[in-house]
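Undergrad: In the numbering used here, the protein residues as written are 2 to 582. Even for Gly, the Cβ is constructed at its ideal location relative to N, Cα and C. As the structure is a computational prediction, the values presented were derived from the model and not from experiment.
#1: So which of 284, 14 and 90 has the shortest CA-CA distance to residue 1?
#2: In chain order, what residues of the same chain have a beta carbon less than 6 Å from the beta carbon of residue 82, not counting five sequence neighbours either side?
#3: Strictly by DSSP, which residues pair up with residue 356?
#4: For residue 152, which residues from the same chain have a beta carbon less than 7 Å from its beta carbon, with the 5 sequence-adjacent residues on both sides left out?
#5: Rounded C-beta distance between residue 250 and residue 219? I'm assuming under 8 Å.
#6: Which one or two residues does DSSP pair with residue 246 in a beta bridge?
#7: Is it the case that the Cβ atoms of residue 493 and residue 472 are separated by a distance below 9 Å?
#8: In chain order, what residues of the same chain have a beta carbon less than 7 Å from the beta carbon of residue 16, not counting five sequence neighbours either side?
#9: Go ahead and pull the three-state DSSP assignment for residue 473.
#10: Look up residue 101 in the DSSP assignment and say whether it is helix, strand or coil.
#11: Along the chain, where does the beta strand (DSSP E) containing residue 205 start, and where does it finish?
#12: Just tell me which of 209, 252 and 511 has its CA closest to the CA of residue 224.
#13: Thinking C-beta only, is residue 438 closer than 9 Å to residue 431?
#14: Mind checking whether residue 372 and residue 325 have CB atoms under 9 Å apart?
#15: Considering Cα atoms alone, identify which of 36, 40, 78 and 90 is closest to residue 606.
#16: Report the start-end ranges of each beta strand (DSSP E) in the stretch 148–189 that is 3 residues or longer and not cut off at the edges.
#17: Which one or two residues does DSSP pair with residue 234 in a beta bridge?
#18: In angstroms with no decimal places, state the Cα-to-Cα distance between residue 32 and residue 119.
#19: Looking at the unbroken alpha helix (DSSP H) that takes in residue 297, where does it start and where does it end?
#20: Measure the alpha-carbon distance for residue 541 versus residue 502 and round it to whole angstroms.
#21: Whether or not the stretch 410–418 and the stretch 351–366 are in contact is what I'm after, with contact meaning three or more pairs of Cβ atoms, one per stretch, closer than 8 Å; do they touch?
#22: Quick one: residues in its chain with C-beta nearer than 6 Å to the C-beta of residue 358, no 5 flanking neighbours on either side, listed in chain order?
#23: Name the residue from 341, 537, 466 and 390 whose alpha carbon lies nearest to the alpha carbon of residue 365.
#24: At the level of alpha carbons, what is the spacing between residue 552 and residue 160?
#25: Does residue 237 pass the burial test, meaning 16 or more other C-beta atoms within 10 Å, or should it be called exposed?
#26: Based on Cα-Cα distance, which residue from 148, 313, 538 and 505 lies nearest to residue 468?
#27: Could you give the DSSP three-state label for residue 135: helix, strand or coil?
#28: So, helix, strand or coil for residue 393, using DSSP?
#29: Taking the straight line between their C-alpha atoms, what separation do you get for residue 276 and residue 221?
#30: Can you check DSSP and say which residues form a bridge with residue 128?
#31: Is the Cβ-Cβ distance between residue 282 and residue 463 less than 9 Å?
#32: From which residue to which residue does the beta strand (DSSP E) around residue 223 run?
#33: Quick one: what's residue 589 bridged to in DSSP?
#34: Under the three-state reduction of DSSP, which class applies to residue 265: helix, strand or coil?
#35: Report buried or exposed for residue 226, applying the criterion of at least 16 other Cβ atoms within 10 angstroms of its Cβ.
#36: Indicate the three-state DSSP secondary structure (helix, strand or coil) for residue 31 in the structure shown.
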């Protein structure tokens, strides 16, 4: 016969015993150690302290004199903080507030009571403010609270402008300030704000900080400042005028501005000419199609500072192989195919209201069209329908909302890539109805004439095209039916093409745009699958790196840069969603 057995568990046994220990502590019953802090004496139980504190556990388990002594004195810990930590040891409860949290964190760190130390860090993280974050950052570093340091650094970067306007900012340590102004994640509206903050910090204690001027100013992106501010506020400042390195930074900025205006040749691109993520603008990925074959009308927007894609308002029409570009802070989507018919309609997206609005129609129904903006007009170039590849080009005047034909290209080009640089329009590759092309041509708007330029290294249609640092890049595409991973750039000065690093995978029908000094290749088709992956190319390193992927797997989408605030767009998008609930 099997032995009868059962298990008994007293559910509240552990809690009841800890409650009893606390009563013993309060009545000083069975206490075997006295902890002295200043003028205060705490009669405790060694076992309880050892359970909670690694410091006491190591002490009582060692050959130190304190291991057996009845009275132990601990210095440099606040009496009230020690009392609360002992109460926590018996009750697992502690009340934190803004007055005691630092002293408790300090004591918990020394006594190695990590549960309390982590609770203090979380409390301080949740109560960060522009007026206290610098003090919290210094305190966290002094006590090696890594997570608190990280959180506080992020807070200061995110709130740099209000932080820089506090009195505490004037006492910020140089190493923290240098790291801030070096960060591409610094959240500012423009570089002028960074300059004002740094100069204010230096002038607050000029005698002891003047020698930091050159090193701090080297981190500021003078080329991206408004010319008027650069000339009136920066160049005329006494500290800048008297420092040769700072004068060089100003001269570099002037040369950069003149290079953009084609007054002087292109200058070498440096980190100072790359915008910070907070004012770099956004990317839009528009339409396209996935494995179902049905065109999308959905749009995704990339916020470089958050490193996230988020949805914005859908187009009114589904569009694949659509032409897109931005003009004056507004996104345009024109032509394409809706799954049934070719389109000549167009629409414009206003990020400030998260709404689409129709524009006048083109003269020609077409997909595989490319859009580019130059000056005050938008060009719609090439494309195809089921019977014909087009060499026609239409020009759109946003002010008048009308289209007109300009001189046709020399070659029909469906799936063409286009770019504008220094006032001229470039049509690159495409398909003429028979095969993919390596030929390219350039349009001069003053002469209303196209002329050939050097052919690309590789035939391609459905490639992505973008301008970056004065070069035209052509990315991926199809050589007839074979998707490509190769990339090349065009130098307008020498009329030559040069191969650069290949992408990590083949991408036909890829969308490409420049953002923040890098090229982004978005989606596409690798010959087997539609892609949602994204990769970014850095011309300073000649390398492609993985970037945050889009939500939808899509090819034949339009990708365009737009100079708008992602923060504002998120707010408007959220407000629209809330309004529909």
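TA: Let me spell this out:
#1: Past the boundaries of the shown model lies residue 1; the chain is included only from 2 to 582, so the question cannot be answered.
#2: Here residue 82 refers to the residue found at position 81 when the chain shown is read from its first residue. Same-chain partners within the cutoff: 104, 105 and 108.
#3: As a position in the chain shown, residue 356 is number 355, starting the count at 1. Per DSSP, 351.
#4: To locate residue 152, count along the chain shown from 1; it is residue 151. Excluding positions up to five away in sequence, the list reads 126.
#5: Indexing the chain shown from 1 puts residue 250 at position 249. Indexing the chain shown from 1 puts residue 219 at position 218. With 8 Å as the limit, residue 250 and residue 219 qualify as a contact, their Cβ atoms being about 7 Å apart.
#6: Translated into positions along the chain shown, residue 246 becomes position 245. Answer is none; residue 246 lacks a bridge partner.
#7: Sequence index remark: in the chain shown, residue 493 carries index 492 (1-based). Sequence index remark: in the chain shown, residue 472 carries index 471 (1-based). In this structure, residue 472 lies closer than 9 Å to residue 493 by Cβ.
#8: Here residue 16 refers to the residue found at position 15 of the chain shown. If we look at residue 16 and ignore the five residues flanking it on each side, it has no Cβ neighbours.
#9: Taking the chain shown and counting its residues from 1, the one referred to as residue 473 is at position 472. Three-state result, residue 473: strand.
#10: Along the chain shown, read from residue 1 onward, the residue named residue 101 stands at position 100. DSSP places residue 101 in coil when its eight states are reduced to three.
#11: The residue labelled residue 205 in the question sits at position 204 within the chain shown. That residue, residue 205, is in no beta strand (DSSP E); its alpha helix (DSSP H) goes 192–205.
#12: The count along the chain shown starts at 1 and reaches residue 224 at position 223. If we check each option's Cα against that of residue 224, 252 comes out closest.
#13: One-based indexing of the chain shown puts residue 431 at position 430. One-based indexing of the chain shown puts residue 438 at position 437. Yes, the pair counts as a contact, with Cβ atoms nearer than the cut-off.
#14: Mapped onto the chain shown, residue 372 falls at position 371. Mapped onto the chain shown, residue 325 falls at position 324. Yes. Within cutoff.
#15: Nothing can be reported for residue 606: it is not among the residues displayed for the chain, which extend from 2 to 582.
#16: none
#17: Against the chain shown, residue 234 aligns to sequence position 233. Beta-bridge pairing links residue 234 to no other residue.
#18: Walking along the chain shown from the start, residue 32 turns up at place 31. Walking along the chain shown from the start, residue 119 turns up at place 118. Computed Cα separation, rounded: 29 Å.
#19: Taking the first residue of the chain shown as position 1, residue 297 is located at position 296. That residue, residue 297, is in no alpha helix (DSSP H); it is neither H nor E in DSSP.
#20: Start at 1 with the first residue of the chain shown, and residue 541 comes out as number 540. Start at 1 with the first residue of the chain shown, and residue 502 comes out as number 501. Their Cα atoms are separated by approximately 12 Å.
#21: no
#22: In the chain shown, counting from the first residue as 1, residue 358 sits at position 357. The residues are 349.
#23: Position 364 of the chain shown holds residue 365. Of the candidates 341, 537, 466 and 390, the residue whose Cα lies closest to the Cα of residue 365 is 390.
#24: Along the chain shown, one-based indexing puts residue 552 at 551. Along the chain shown, one-based indexing puts residue 160 at 159. Looking at the two C-alpha atoms, the distance is approximately 29 Å.
#25: Within the chain shown, the letter at position 236 stands for residue 237. The residue is exposed, with fewer than 16 neighbouring Cβ atoms inside 10 Å.
#26: Here residue 468 refers to the residue found at position 467 when the chain shown is read from its first residue. Considering only alpha carbons, the answer is 538.
#27: The residue given as residue 135 occupies position 134 in the chain shown. Helix.
#28: If you number the chain shown from 1, residue 393 lands on position 392. Correct three-state label for residue 393: coil.
#29: Translated into the one-based positions of the chain shown, residue 276 becomes position 275. Translated into the one-based positions of the chain shown, residue 221 becomes position 220. Going from the Cα of residue 276 to the Cα of residue 221 covers about 10 Å.
#30: Here residue 128 refers to the residue found at position 127 when the chain shown is read from its first residue. Paired residue(s): none; residue 128 is not in a bridge.
#31: What you label residue 282 is simply residue 281 of the chain shown in a count that begins at 1. What you label residue 463 is simply residue 462 of the chain shown in a count that begins at 1. Going by C-beta atoms, residue 282 is not nearer than 9 Å to residue 463.
#32: Walking along the chain shown from the start, residue 223 turns up at place 222. Premise fails: residue 223 is in no beta strand (DSSP E) and is neither H nor E.
#33: This structure gives no information on residue 589, because the portion of the chain shown stretches from 2 to 582.
#34: Locating residue 265 in the chain shown gives position 264, where the first residue counts as 1. Confidence is the limiting factor: at residue 265 the pLDDT is only 43, short of 50, which leaves the residue's position unreliable, though a coordinate-based value still follows. DSSP places residue 265 in coil when its eight states are reduced to three.
#35: Taking the chain shown and counting its residues from 1, the one referred to as residue 226 is at position 225. Counting of Cβ neighbours within 10 angstroms places residue 226 among the buried residues, the total reaching 16 or more.
#36: The residue given as residue 31 occupies position 30 in the chain shown. Residue 31: coil per DSSP, three-state reduction.
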